[in-house]
Amino acid sequence: MPTIEQSIEVNVPVRTAYNQWTQFEEFPEFMEGVEYVHQTDETHLRWKADVAGKSEEWEAEITEQVPDQRIAWKATGGKGTSGVVTFHRVDDGKTRIMVQMDWEAEGVLEKAGSAIGLDDRRVKSDLERFKKLIESRGQESGAWRGKVEQTSTR
1482 MPTIEQSIEV
1492 NVPVRTAYNQ
1502 WTQFEEFPEF
1512 MEGVEYVHQT
1522 DETHLRWKAD
1532 VAGKSEEWEA
1542 EITEQVPDQR
1552 IAWKATGGKG
1562 TSGVVTFHRV
1572 DDGKTRIMVQ
1582 MDWEAEGVLE
1592 KAGSAIGLDD
1602 RRVKSDLERF
1612 KKLIESRGQE
1622 SGAWRGKVEQ
1632 TSTR
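With the working numbering applied, the sequence shown covers 1482 to 1635.
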């Protein structure tokens, strides 16, 4: 199972970066290939995205959420993914966002793409687009400050 680890520093406070990241339905604005994310309740998301040239849909569950610190998830149907996004204060106006994600590559195209690092580059590009989005806005478009107690171990 491939593991992706990427990070980026954004020039906004931790609270701003975290709040924007909780706006899951806006992920298509910065995540390549994501057609939509629908949040069905506080802990469940429905995704549709282009994966290796093929349209895929899956469900995901937020397994832990701590405001301004971390959001962890796992797929509950469809694509086999899990991961965590953490938010680290660098200074009052700068945040380091770290993404660690595991996923099950399926089929020849996904396995070949993973082998040559396409998945790592996609996540890095997504983070760069998130940086551009949040820095150009200067503030979050919304926020969810609730807490989700850890429901499983990564």
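Note that beta-carbon positions come from the ideal geometry of N, C-alpha and C, so glycine has one too. Since the structure is predicted, the reported quantities are computational estimates derived from the model, not experimental observations.
- Scanning its chain for C-beta atoms nearer than 8 Å, with the 5 sequence neighbours on each side dropped, one finds around E1540 the residues H1525, L1526, R1527, W1528, A1556, T1557, G1558 and G1559, in chain order.
- Residue burial annotation: S1622 is exposed, with fewer than 16 other C-beta atoms found within 10 angstroms of its C-beta.
- Here DSSP, grouped into helix, strand and coil, assigns V1565 to strand.
- Here V1547 is actually not in contact with G1564; their C-beta atoms are around 15 Å apart, not less than 8 Å.
- Taking the C-beta atoms as reference points, F1505 is found nearer than 8 Å to V1518.
- Judged by DSSP secondary structure, V1495 falls within the alpha helix (DSSP H) whose first and last residues are V1495 to W1502.
- Under the criterion of beta carbons closer than 8 Å, Q1620 and T1497 qualify as touching, at roughly 6 Å.
- In the DSSP secondary-structure assignment, G1558 is bridged to E1540.
- Taking 8 Å as the cut-off, the Cβ atoms of E1513 and R1618 do not count as close.
- For R1626, there is no enclosing beta strand (DSSP E), as DSSP gives it neither H nor E.
- By the neighbour-count definition (other C-beta atoms within 10 Å, threshold 16), T1484 is an exposed residue.
- Listed in chain order, the non-local C-beta contacts of V1495 below 8 Å within the same chain comprise D1549, F1568, H1569, R1570 and T1576, local neighbours out to five positions each way being set aside.
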